[in-house]
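Reviewing the structure listed below.
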Amino acid sequence: MLGLLVALYTGAASADPRTQLRELFFDAAREGDQPRLATFIEAHYDLNIQDEKGYTGLILAAYHGQQAAVEQLLHAGANPCVQDNHGNTALMGAIFKGELSIAHRLVNADCNADQRNHAGQTAAMYAALFHRQDILQALKAKGADLDAKDDLGNDVQGLAQGQFRPTPSR
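Residues in the sequence shown are numbered from 831 upward in steps of one, following this note's numbering.
Written out as structure tokens, the structure is:
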């Protein structure tokens, strides 16, 4: 089934089929192509596979505002807690992009409310920085630590007030 998808998509079998499948999967997630995602799901494709930046299909769908694809991937078992190469999650990406309905859905996923990226930042810090008060309140209700500090000493209250300690210059 997936081989047919690759053949139809590319018209050639010269490239590595696994690479082609990954690209097809990521394109489907990014574009919100539910029929194509359904093919991957039916074939038991690894929904948590990551690209060179660590993005999963769920991260891409969330970042690109593909609400229906996010729901489809979550329902099929995609892990919402997976982190990209910077430690960011689908929730952090949705908050950053202002995809609030997706962010609300991901807040309700079974992930640690205080999951941190590689800079020590949490989703609550993202919500505060980008003035997503409703998401911040949802994270607080889930038990997020609003007093946590990132690696530079930034916290939710300071970020909400526009106080951001940048990375020190070297």
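Note that beta-carbon positions come from the ideal geometry of N, C-alpha and C, so glycine has one too.
Under a Cβ-count criterion, where at least 16 other Cβ atoms within 10 Å of its own Cβ denotes burial, should Asp876 be classed as buried or exposed?
With fewer than 16 Cβ atoms within 10 Å of its Cβ, Asp876 is classed as exposed.
As assigned by DSSP and simplified to three states, the class of Lys979
In the structure shown, the three-state DSSP call for Lys979 is strand.
In whole angstroms, give me the CA-to-CA distance for Leu838 and Arg995.
Confidence in Leu838 is poor, its pLDDT being 48 and thus under 50, which makes the residue's placement too unreliable to answer from.
Quick test of your reading: Ile932 and Ala892, contact by CB under 8 angstroms. State the CB separation rounded to the nearest angstrom.
Rounded, the Cβ-Cβ distance is 5 angstroms, consistent with contact.
Should Thr792 be labelled buried (16 or more other beta-carbon atoms within 10 Å of its own) or exposed?
The structure shown does not extend to residue 792, since the chain is modelled only from 831 to 1000, so the question has no answer here.
What separation, rounded to the nearest whole angstrom, lies between the Cα atoms of Val937 and Ala943?
For Val937 and Ala943, the gap between their C-alpha atoms comes out near 8 angstroms.
From the DSSP secondary-structure annotation, give me the bridge partner or partners of Asp985.
Partner residues in the beta bridge of Asp985, as assigned by DSSP, are Lys979.
Here's the rule: buried if 16 or more other CB atoms are within 10 angstroms of the residue's CB, otherwise exposed. What is Glu929?
Buried is the call here.
Under the rule that 16 or more other beta-carbon atoms within 10 Å means buried, what is Asp914, buried or exposed?
Buried.
Is Ala939 near the ligand PLP - that is, is its Cβ less than 7 angstroms away from at least one heavy atom of it?
For the structure depicted, the ligand PLP is absent and the ligand set is empty, with no information on it obtainable.
Kindly indicate which residue of Ala924, Ala939, Arg935 and Leu982 has the alpha-carbon position closest to the one of Phe960.
The candidate whose alpha carbon is nearest that of Phe960 is Ala924.
Among the residues of its own chain, which have a CB less than 6 angstroms from the CB of Val900, if the five just before and after it don't count?
Answer for Val900: Ala891, Ala892 and Ile932, listed in chain order.
Leu989 and Ala949 - do their beta-carbons sit closer together than 8 angstroms?
No.
Between the Cα of Leu903 and the Cα atoms of Thr849, Ile879, Gly992 and Gln945, which residue gives the shortest distance?
Of the listed residues, the one whose Cα sits closest to Leu903 is Ile879.
Tell me which residue opens and which closes the alpha helix (DSSP H) that Phe855 is part of.
Here the alpha helix (DSSP H) through Phe855 covers Pro847 to Glu861.
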